[in-house]
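Q: Residues in the sequence shown are numbered consecutively from 1, following full-length UniProt numbering.
In this text, a Cβ means the ideal position worked out from N, Cα and C, and glycines have one as well.
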Amino acid sequence: MTNKTSVSYKLSLALIGASCVLSSAAIAEEIHQPHTAQAGETWVLIDELSDEFATRDMDKWNFKPESFGVWTWDDKNAVVEDGILKLSAVHEEHTRKFWDGCNKKPVDDFPLYFKSGMAKSKATGVYGYYEAKMKGADLHPGVSPAFWLYSAFDRTLKEDGDVQYSEIDVVELQQESDDVFHSDHNLHNVIVENGKPKWMRPKPFAETNQNIHKLDFDPREEFAIYAVNVTPEDITWYVNGEQVGYKKNLYWHRDMNVALSLGMRGDQFTRWDCNQFYPVDLQGETGLPTTMEVEYIRAWKLADK
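Spelled out as structure tokens, the structure:
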């Protein structure tokens, strides 16, 4: 090969390599944008709240966070396999400290019957666009695959109008026992009113806190992209890029952790009493274990103009 030919050959390889790099960068940029990004907008990926689940990233996620339901979060129930985060619910008798709302006191060794999987971000966020591609669990009714944001409680806030707690449910699937296509995209908060904390939940405060949607696919069978855009003024929900809910942002301005979780639902596993769920020990066949799957979670913030 002559020097001229060699130079030409090397130049061709360099151009091909550069083309591949540019193509990869273009593909990456195309992927890492919200589905609703408009022309002229620049969105920046928030890495600490995003994961493609190539590995089980202990730096980003707490897989054994504080338990607050009638089941216990256990890191054994959150695994990553083949690029998929799998969160599973199992029937496993155990005891732990549990708030007994009816008797208004904590009980140290309260009997519980279920453990499940959760990934809670170590970082927090507020305003931005959050989405996850996920598939529901095969068991229905009985569990609710969820993607949500929630703050810590701050009970030192005691002035009327203070928000002690805020929660944005990007999606809760499979909560309705008789309708697997029902999806919830709701808001929860605790506000100080007349000097006392007041829970605002979706059903009694539907105008400000509730969004209900009917899916046109079976969430147990298909992966779908569930998303929310949070701004200081409003909150908008999406499924596969289609808007499915909207509310004014009245109370949701606190720093919130991002969570993916598989909670227990249904009369066979839980009962509602004294403004909280209590466990039900199901005798016989439970249908457990069951698993939800997450392909990715991504969060962006709109770049300053």
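Taking Cβ positions, are LEU149 and TYR130 nearer each other than 8 angstroms?
A: Translated into positions along the sequence shown, residue 149 becomes position 149. Translated into positions along the sequence shown, residue 130 becomes position 130. Cβ distance < 8 angstroms, so LEU149 and TYR130 count as in contact.
Q: Taking 8 angstroms as the limit between beta carbons, can you name the residues of its chain near LYS198, skipping five residues before and five after?
A: Sequence index remark: in the sequence shown, residue 198 carries index 198 (1-based). The beta carbon of LYS198 lies closer than 8 angstroms to those of VAL190, ILE191 and VAL192 in the same chain, with the five residues before and after it left out.
Q: Give a yes or no on whether the minimum CB-CB distance between THR286 and chain D is below 8 angstroms.
A: The structure shown contains no chain D; it is built from a single protein chain.
Q: Would you identify the three-state DSSP class for ALA206, choosing helix, strand or coil?
A: For this step, residue 206 is matched to residue 206 along the sequence shown. The answer is helix: DSSP assigns ALA206 an H, G or I state.
Q: Just to confirm, are VAL163 and HIS185 a CB contact at a threshold of 8 angstroms?
A: If you number the sequence shown from 1, residue 163 lands on position 163. If you number the sequence shown from 1, residue 185 lands on position 185. No.
Q: Grab the span of the beta strand (DSSP E) containing VAL180 for me, first residue to last.
A: Taking the sequence shown and counting its residues from 1, one reaches residue 180 at position 180. Looking at the DSSP string, VAL180 is not in any beta strand (DSSP E), and its letter there is neither H nor E.
Q: Could you tell me whether the region 137–152 touches the region 263–275, where touching means 3 or more Cβ pairs closer than 8 angstroms?
A: yes
Q: Let me know if GLU159 comes out buried or exposed under the rule of 16 or more other beta-carbons within 10 Å of its beta-carbon.
A: To locate residue 159, count along the sequence shown from 1; it is residue 159. Exposed, by the Cβ-count rule.
Q: Over the uninterrupted beta strand (DSSP E) stretch that includes GLU159, give me the two end residues.
A: Locating residue 159 in the sequence shown gives position 159, counting from the first residue. It is not in any beta strand (DSSP E) - GLU159 carries neither H nor E in the DSSP assignment.
Q: Check LEU45 in the structure and name its three-state DSSP category.
A: Numbered from its first residue, the sequence shown carries residue 45 at position 45. Looking at LEU45 - three-state DSSP - the assignment turns out to be strand.
Q: Should ARG56 be counted as a contact of the ligand GDP given a C-beta to heavy atom distance under 7 angstroms?
A: Judged by which ligands are present, the structure shown has none, so any question about the ligand GDP falls away.
Q: Terminal residues of the continuous beta strand (DSSP E) containing GLY263?
A: Taking the sequence shown and counting its residues from 1, one reaches residue 263 at position 263. Start and end: 256–264.
Q: Going by DSSP, what residue range makes up the beta strand (DSSP E) through residue 308?
A: Outside the displayed span of the chain (1 to 305) sits residue 308, for which this structure offers no information.
Q: Given 8 angstroms as the limit, is there contact between the region 110–128 and the region 43–62, that is, 3 or more CB pairs closer than that?
A: They touch, by the three-pair rule.
Q: Using a Cβ-Cβ cut-off of 8 angstroms (strictly less than) and excluding sequence neighbours within five positions of ASP234, which residues of its own chain qualify?
A: Taking the first residue of the sequence shown as 1, we reach residue 234 at position 234. For ASP234, where only same-chain residues beyond five positions count, the Cβ hits under 8 angstroms are TYR246, LYS247, LYS248 and ASN249.
Q: With a 10 Å radius around its C-beta and 16 neighbouring C-beta atoms as the bar for buried, classify VAL107 as buried or exposed.
A: As a working note, residue 107 is residue 107 in the sequence shown. Classification for VAL107: exposed.
Q: Does the beta-carbon distance from MET134 to MET292 come in below 8 angstroms?
A: Walking along the sequence shown from the start, residue 134 turns up at place 134. Walking along the sequence shown from the start, residue 292 turns up at place 292. A contact, by the Cβ cut-off of 8 angstroms.
Q: When DSSP builds the beta bridges, which residues end up paired with PHE110?
A: Numbered from its first residue, the sequence shown carries residue 110 at position 110. ARG96.
Q: Whose C-beta lies closer than 8 angstroms to the C-beta of ARG220 among residues of the same chain, with five residues either side of it excluded?
A: The residue given as residue 220 occupies position 220 in the sequence shown. Closer than 8 angstroms at the Cβ level, and outside the excluded window around ARG220, lie LYS135, GLY136, ALA137, ASP138, HIS140, GLN174 and VAL180.
Q: If I follow the unbroken beta strand (DSSP E) through PHE147, where does it start and stop?
A: Within the sequence shown, the letter at position 147 stands for residue 147. 143–150 is the span of the beta strand (DSSP E), which, as asked, contains PHE147.
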